[in-house]
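*Asks:* Please see the structure below; I have some questions.
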Amino acid sequence: MTVFIIRRILQSLAVVMVMSFIVFGGVNIVGDPVEMMVSDEATQEEREKVIRSMGLDKPWYVQYGRFVAGALEGNLGKSFVYGEPALEIIVHRIPATFELALAALLLAIVIGIPLGVYAGLKPDTVASKSIMAGSILGFSLPTFWVGLMFIMVFAVILGWLPSTGRGDTVPLLGIDVSFLTLDGLAHLFLPALNLALFKISLVIRLARAGTREVVHQDYIKFARAKGLRNSRIVLVHLMKNIMIPVVTVLGLEFGGLIAFSVVTETVFAWPGMGKLIIDSIQSLDRPVIVAYLMIIVLIFVIINLVVDVLYSILDPRVRLSEMKS
Amino acid sequence: MYFRKSMIAAAAGLCLTFAAGTAAQAQAITIGLGTEPTSIDPHYHNLGPNNQIAQHIFSRLMEQDHKQRLLPGLATEWKPVDDTTWEFKLRKGVKFHDGSEFNVDDVIFSMERAAAHPNAKSSFKVFSHSGGKTYERVDDYTLRVKTPEPYPLMAVDLSNVHIVSDKAKGHWEGDFNNGSQAAGTGPYKFVKWIKGEVLEFERNEDYWGKKPHWKSVVIKPIKSAPSRLAALLAGDVDFIDQVPTIDVAGLKKNDKISLSQGISNRVIYLHLDQYRDVTPFAKGPNGEEIKNPFKDVRVRKAISMAINRDLIIERVMEGIAVKAGQLLPEGFFGVSDKLKPDNYDPKAAKALLAEAGYPNGFQATLHGPNDRYINDAKIVEAVAQMLSRIGIMTTPDTMPKSVFFKRGKNGGPAKPPEFSFLLVGWGSGTGEASSPLRSLLTTYDKEKGNGSSNRGLYSSAKMEAVLNQALATVDDTKRAALLAQATEIAIGEDMGLIPLHYQVNTWAAKKGLKYLARTDERTVAYDIQPE
Numbered sequence: 001m002t003v004f005i006i007r008r009i010l011q012s013l014a015v016v017m018v019m020s021f022i023v024f025g026g027v028n029i030v031g032d033p034v035e036m037m038v039s040d041e042a043t044q045e046e047r048e049k050v051i052r053s054m055g056l057d058k059p060w061y062v063q064y065g066r067f068v069a070g071a072l073e074g075n076l077g078k079s080f081v082y083g084e085p086a087l088e089i090i091v092h093r094i095p096a097t098f099e100l101a102l103a104a105l106l107l108a109i110v111i112g113i114p115l116g117v118y119a120g121l122k123p124d125t126v127a128s129k130s131i132m133a134g135s136i137l138g139f140s141l142p143t144f145w146v147g148l149m150f151i152m153v154f155a156v157i158l159g160w161l162p163s164t165g166r167g168d169t170v171p172l173l174g175i176d177v178s179f180l181t182l183d184g185l186a187h188l189f190l191p192a193l194n195l196a197l198f199k200i201s202l203v204i205r206l207a208r209a210g211t212r213e214v215v216h217q218d219y220i221k222f223a224r225a226k227g228l229r230n231s232r233i234v235l236v237h238l239m240k241n242i243m244i245p246v247v248t249v250l251g252l253e254f255g256g257l258i259a260f261s262v263v264t265e266t267v268f269a270w271p272g273m274g275k276l277i278i279d280s281i282q283s284l285d286r287p288v289i290v291a292y293l294m295i296i297v298l299i300f301v302i303i304n305l306v307v308d309v310l311y312s313i314l315d316p317r318v319r320l321s322e323m324k325s
Numbered sequence: 326m327y328f329r330k331s332m333i334a335a336a337a338g339l340c341l342t343f344a345a346g347t348a349a350q351a352q353a354i355t356i357g358l359g360t361e362p363t364s365i366d367p368h369y370h371n372l373g374p375n376n377q378i379a380q381h382i383f384s385r386l387m388e389q390d391h392k393q394r395l396l397p398g399l400a401t402e403w404k405p406v407d408d409t410t411w412e413f414k415l416r417k418g419v420k421f422h423d424g425s426e427f428n429v430d431d432v433i434f435s436m437e438r439a440a441a442h443p444n445a446k447s448s449f450k451v452f453s454h455s456g457g458k459t460y461e462r463v464d465d466y467t468l469r470v471k472t473p474e475p476y477p478l479m480a481v482d483l484s485n486v487h488i489v490s491d492k493a494k495g496h497w498e499g500d501f502n503n504g505s506q507a508a509g510t511g512p513y514k515f516v517k518w519i520k521g522e523v524l525e526f527e528r529n530e531d532y533w534g535k536k537p538h539w540k541s542v543v544i545k546p547i548k549s550a551p552s553r554l555a556a557l558l559a560g561d562v563d564f565i566d567q568v569p570t571i572d573v574a575g576l577k578k579n580d581k582i583s584l585s586q587g588i589s590n591r592v593i594y595l596h597l598d599q600y601r602d603v604t605p606f607a608k609g610p611n612g613e614e615i616k617n618p619f620k621d622v623r624v625r626k627a628i629s630m631a632i633n634r635d636l637i638i639e640r641v642m643e644g645i646a647v648k649a650g651q652l653l654p655e656g657f658f659g660v661s662d663k664l665k666p667d668n669y670d671p672k673a674a675k676a677l678l679a680e681a682g683y684p685n686g687f688q689a690t691l692h693g694p695n696d697r698y699i700n701d702a703k704i705v706e707a708v709a710q711m712l713s714r715i716g717i718m719t720t721p722d723t724m725p726k727s728v729f730f731k732r733g734k735n736g737g738p739a740k741p742p743e744f745s746f747l748l749v750g751w752g753s754g755t756g757e758a759s760s761p762l763r764s765l766l767t768t769y770d771k772e773k774g775n776g777s778s779n780r781g782l783y784s785s786a787k788m789e790a791v792l793n794q795a796l797a798t799v800d801d802t803k804r805a806a807l808l809a810q811a812t813e814i815a816i817g818e819d820m821g822l823i824p825l826h827y828q829v830n831t832w833a834a835k836k837g838l839k840y841l842a843r844t845d846e847r848t849v850a851y852d853i854q855p856e
């Protein structure tokens, strides 16, 4: 187990190194941040001063060298736009995005698994068919459209929930969170549901497929023959076995929830990292883009590691084969 | 009986609290903005979104009203005492938000700080020091500014620099960026700013000018236009800016919403390469290399006549724009009353094109941004179609502004823009005609700072002579006439660029609020008034 984890960490470090090079190189090809930044009226002299202050007068390998040297000390450069450390700006936005992603994940599990299991156990009922049809909608409707429809229906027409923004926050262990206040929850619900929609559909499909497969297994039949209660069969024997693919996929998708909450955050003006990255890309704020991507790489690497570990706990066969190799 | 009494008392109490609630609400306004400042530091970045926030917290020597005309600010009077010296009488008894007294030292300090900010992303040096300004303290409340040459734009320039307290010495970033150091003399005091989430002000009860109506102002950045509009319709915000043109017609019918619209100082125009002999994006009718057709004034005039400005405004802009025949709309300082938008006349355009030696037209590519100006990509497509009708087979090519402005950058004759024919816009920061004339139509000159955005590399000694004369004429009437004359040469005679239309901006508020649309496109909370 330890050897396995150490090897995975070394692999991850290599991934981070390679990514830093690709990311840095990539953003340096696109556009001219100075043209985006300076006012139209700025003189050439003024432009050159800005170029120097952002270190763009140096060749790319010097810039990259500086970046790596800084990164090793935990300094990912200063935002061109805000003039403040890029890492700090992103870290400020992390709680909002994590809160949103976790809420979406929770919704996906709470709504997706029961519906999926139900559709798997009773595949021919009208309810099951409606659930499956609904999941197709969840897959195929574009997030920004659904988001706007949510706002139209629940905020503009019905007036039940606030349309945009993040609600009141309270500090929890030094981090500002909004899910502990009523206002915060009201603001959180629509964006979380919007972000979760795709994942709910995914979980429904996974849970249904898993259930359909497991329900015919010998151990389920044996459990029935032994006269176990139906609830015990479903909740213990069936659930345990369909959870493996669900956990794997959700683990990977959690990274996706964080990295690609861009659309939802933009539609709902949610002050998270996704909105920041879109703004930064539009204004070519290279240090923030690079820092953001590096953080996302780290998050993915960590999630993969955690999933692997969880996996081996849920399914002993994985652990055994990894030990041998 | 007792029960009944207490019921009445409770009801009365409820009414009271309700009334108190609405009274408090009447003093607060929530505004949804499409942009967010990059810093609260008023000298960090000369950019519309920053300046509109800064002017809530900080005052300037002269304020600009909704038409960018100068009003007394921290200076009560200003006048030239001789050809090269201006004198400013400062307001007495003004206090900064931190309690310190305002005097001439703060002004001089602010001007120096504006020019020397080490991290500025476009400093205010263009306003505080252009023309070689030097500052001189006469007494606590009198300032003199000298320039080596006569400098008529003095007051306009200085009305763009926000005044901070000289206690801010050495504070360049950090506290100043995030606002906690931000003490100005403006109508509002800074309360808090959470990037991407909320920006809050409270009224400065000791403000030297007219006390603003709103006691507290909450600004929420909502970048996505449909979401911003939805927030207004849902009642989460009271006021929004940048209403998309497509929604205006629907909102006009909504009796819960009131709109305010006004022409801006931004002209949308076409730049054409008038420098290179062979330009990369113009080819013969069969794709062969030809000499640059845009260098011929007849071709430029033909293009202008081939564009149906009315149709673009009606169909692409949903009627929300005003067609343009020069660099600034009517009513601005230094505009010409002789120049009118060219009439749509494809026949005459075709004849002119034939006369210029292109009876079969030619091929061209029109480049433009797709996320910078209102409906920019659609305008590019419409213009390309109209030109194709008279035989200039035009391919539209639009791209994100981050790419467009790099490729379309003017690096002078040595590094001309990559494009030959492009759509751009220009907002006059000074609110008068010398700004677009100097930046868009003078010969590129790095030292003088001329022609920095002259992406067509137009150059006319005749026009520049008139412009330079204007820039050295302190008398307003004479200067206005000279600027008009320079515009007539550059646009009327030479068609150095082709103006299409002036943008019109729309703000929307819940019923009962009114706003005077500003030509500088800014949203200013203290100008929002209950009807």
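Note that the protein sequences, when read in sequence, are chains A and B.
For the first sequence, the working numbering gives the first residue as 1, with consecutive numbering after it.
For the second sequence, the working numbering gives the first residue as 326, with consecutive numbering after it.
Heads up, the beta-carbon is just placed ideally off N, CA and C, and yes, glycines get one too.
1) Do Pro-741(B) and Tyr-594(B) have their beta-carbon atoms positioned less than 8 Å apart in this structure?
2) Can you confirm whether Gly-837(B), when its beta carbon is compared against all beta carbons of chain A, has any partner nearer than 8 Å?
3) Give the straight-line distance between the Cα atoms of Ile-853(B) and Glu-639(B), rounded to the nearest whole angstrom.
4) Is DSSP giving Thr-723(B) helix, strand or coil here?
5) Please go through the same chain and pick out, in chain order, the residues whose beta-carbon is closer than 6 Å to the beta-carbon of Gly-346(B), but skip the five residues on each side of it.
6) Quick check on Tyr-219(A): buried or exposed, where buried means 16 or more other Cβ atoms within 10 Å of its Cβ?
7) Skipping 5 residues on each side, what residues in its chain have a beta carbon closer than 6 Å to that of Ala-627(B)?
8) Sorted by chain position, which residues of the same chain lie with C-beta nearer than 8 Å to Val-16(A)'s C-beta, five sequence neighbours on each side aside?
9) Can you find the residues in the same chain that come closer than 6 Å, C-beta to C-beta, to Asp-563(B), ignoring five residues on each side of it along the sequence?
10) Given a threshold of 16 other Cβ atoms within 10 Å of its Cβ, counted over all protein chains shown, does Asn-668(B) qualify as buried or as exposed?
11) Quick check on the DSSP output: what are the complete beta strand (DSSP E) runs of length 3 or more inside the stretch 711-796 of chain B, in order along the chain?
12) How about Gln-380(B) and Val-849(B): are their beta carbons less than 8 Å apart?
13) Does Leu-558(B) get closer than 8 Å to chain A when you measure Cβ to Cβ?
14) For the candidate residues Gly-457(B), Val-728(B) and Val-516(B), whose alpha-carbon lies nearest to that of Gly-774(B)?
15) If we cut at 8 Å on Cβ distances, does Phe-526(B) have a partner in chain A?
16) Taking any Cβ of chain B, which residues in the stretch 158-173 of chain A have a Cβ under 7 Å from it, in chain order?
17) Using the Cβ count rule (16 or more neighbours within 10 Å means buried), how would you classify Phe-501(B)?
18) Looking at chain A, which residues of the stretch 431-450 of chain B have a Cβ within less than 8 Å of any of its Cβ atoms?
19) Against chain A, with Cβ distances strictly below 8 Å, would Ile-519(B) count as a contact?
20) The alpha helix (DSSP H) that contains Ala-493(B), what's its start and end?
21) So with Cβ pairs under 8 Å, would you call Ala-86(A) a contact of chain B?
22) Using beta carbons (cut-off 8 Å, strictly below), is Pro-546(B) in contact with chain A?
23) Would you mind telling me which residues of chain B sit closer than 7 Å to Gly-83(A), beta carbon to beta carbon, in chain order?
24) Between Ala-555(B) and chain A, is the shortest Cβ-Cβ distance under 8 Å, so that the two count as touching?
25) With a cut-off of 8 Å, do at least 3 Cβ pairs link the stretch 161-173 of chain A to the stretch 187-196 of chain A?
26) Return the Cβ separation of Phe-687(B) and Ala-607(B) in integer angstroms, given the expectation that the two are a contact with Cβ distance under 8 Å.
27) Quick one: any contact between the stretch 165-183 of chain A and the stretch 94-102 of chain A, if contact means 3 or more CB pairs under 8 Å?
28) Would you list, in chain order, the members of the stretch 776-800 of chain B that have their beta-carbon closer than 7 Å to a beta-carbon of chain A?
29) Using a Cβ-Cβ cut-off of 8 Å (strictly less than) and excluding sequence neighbours within five positions of Val-361(A), which residues of its own chain qualify?
30) Within the same chain, show all residues whose beta-carbon is closer than 7 Å to that of Lys-577(B), passing over the 5 residues directly before and after it, in chain order.
31) Please go through the same chain and pick out, in chain order, the residues whose beta-carbon is closer than 7 Å to the beta-carbon of Ile-588(B), but skip the five residues on each side of it.
32) Please list, in chain order, all residues of the same chain as Asn-695(B) whose beta carbon is under 7 Å from its beta carbon, the five residues on each side excluded.
33) So what does DSSP say about Arg-469(B), is it helix, strand or coil?
34) Looking at Lys-771(B) and Gly-817(B), is the spacing between their C-beta atoms short of 8 Å?
35) Does DSSP classify Lys-240(A) as helix, strand or coil?
36) Which residues mark the beginning and the end of the alpha helix (DSSP H) in which Gly-386(A) is found?
*Replies:* With the given structure in hand:
1) No.
2) Taking Cβ atoms only, chain A never reaches closer than 8 Å to Gly-837(B), which makes this a no.
3) Roughly 29 Å between the two C-alpha positions.
4) In this structure, Thr-723(B) counts as strand in the three-state DSSP scheme.
5) Only weak support is given to the placement of Gly-346(B): the predicted model assigns it a pLDDT of 41, under 50, and the question is left unresolved by the model.
6) Sixteen is the threshold: since fewer than 16 other Cβ atoms of the shown chains lie within 10 Å of the Cβ of Tyr-219(A), the residue is exposed.
7) Taken in chain order, the residues that qualify are Ala-674, Leu-677 and Leu-678.
8) The residues Met-294, Val-297, Leu-298 and Val-301, in chain order, have a CB closer than 8 Å to that of Val-16(A) in the same chain once the five nearest residues on each side in sequence are set aside.
9) Contacts found: Ile-354, Thr-355 and Lys-835.
10) A residue is called buried once 16 or more other Cβ atoms fall within 10 Å of its Cβ, and Asn-668(B), having fewer, is exposed.
11) Every beta strand (DSSP E) of 3 residues or more that sits fully in the stretch 711-796 of chain B is shown, in chain order, as 717-724 and 746-752.
12) Yes, Cβ-Cβ distance for Gln-380(B) and Val-849(B) is below 8 Å.
13) Between Leu-558(B) and chain A, the shortest Cβ-Cβ separation is below 8 Å.
14) For the residues Gly-457(B), Val-728(B) and Val-516(B), the minimum Cα distance to Gly-774(B) belongs to Gly-457(B).
15) No, because no Cβ of chain A sits closer than 8 Å to the Cβ of Phe-526(B).
16) Correct list: Gly-159, Pro-162, Ser-163, Thr-164, Gly-165 and Arg-166.
17) For Phe-501(B), the number of other beta carbons within 10 angstroms of its own is at least 16, and it is reported as buried.
18) For the stretch 431-450 of chain B, which is checked against every Cβ of chain A, the residues closer than 8 Å are Pro-443, Asn-444, Ala-445, Lys-446, Ser-447, Ser-448 and Lys-450.
19) Yes - at least one Cβ of chain A is within 8 Å of the one on Ile-519(B).
20) It is not in any alpha helix (DSSP H) - Ala-493(B) carries neither H nor E in the DSSP assignment.
21) No, no contact with chain B.
22) With a threshold of 8 Å between beta carbons, Pro-546(B) makes contact with chain A.
23) Near Gly-83(A) (Cβ distances below 7 Å), the residues of chain B are Ser-364, Tyr-369, Asn-444, Glu-498 and Asn-502.
24) Using a CB distance cut-off of 8 Å, Ala-555(B) counts as an interface residue toward chain A.
25) At 8 Å Cβ cutoff, the stretches touch.
26) Under the criterion of beta carbons closer than 8 Å, Phe-687(B) and Ala-607(B) qualify as touching, at roughly 6 Å.
27) Three or more Cβ pairs drawn from the stretch 165-183 of chain A and the stretch 94-102 of chain A lie within less than 8 Å of each other, which places the two stretches in contact.
28) Of all residues in the stretch 776-800 of chain B, the ones placed with a Cβ closer than 7 Å to any Cβ belonging to chain A are Ser-777 and Ser-778, in chain order.
29) An answer regarding residue 361(A) cannot be provided, because it is not within the stretch 1 to 325 covered by chain A.
30) Annotation for Lys-577(B): Leu-584 place their beta carbon closer than 7 Å to its own, counting only its chain and skipping 5 residues before and after.
31) Closer than 7 Å at Cβ, skipping near neighbours: Val-647, Pro-654, Tyr-827, Val-829 and Thr-844.
32) Taken in chain order, the residues that qualify are Asp-701, Ala-702, Thr-723, Met-724 and Pro-725.
33) Strand, per DSSP.
34) 8 Å or more divides the Cβ of Gly-817(B) from the Cβ of Lys-771(B).
35) Residue state, collapsed to three classes: helix.
36) Lying before the first or after the last residue shown, residue 386(A) is absent from chain A, which here runs from 1 to 325.
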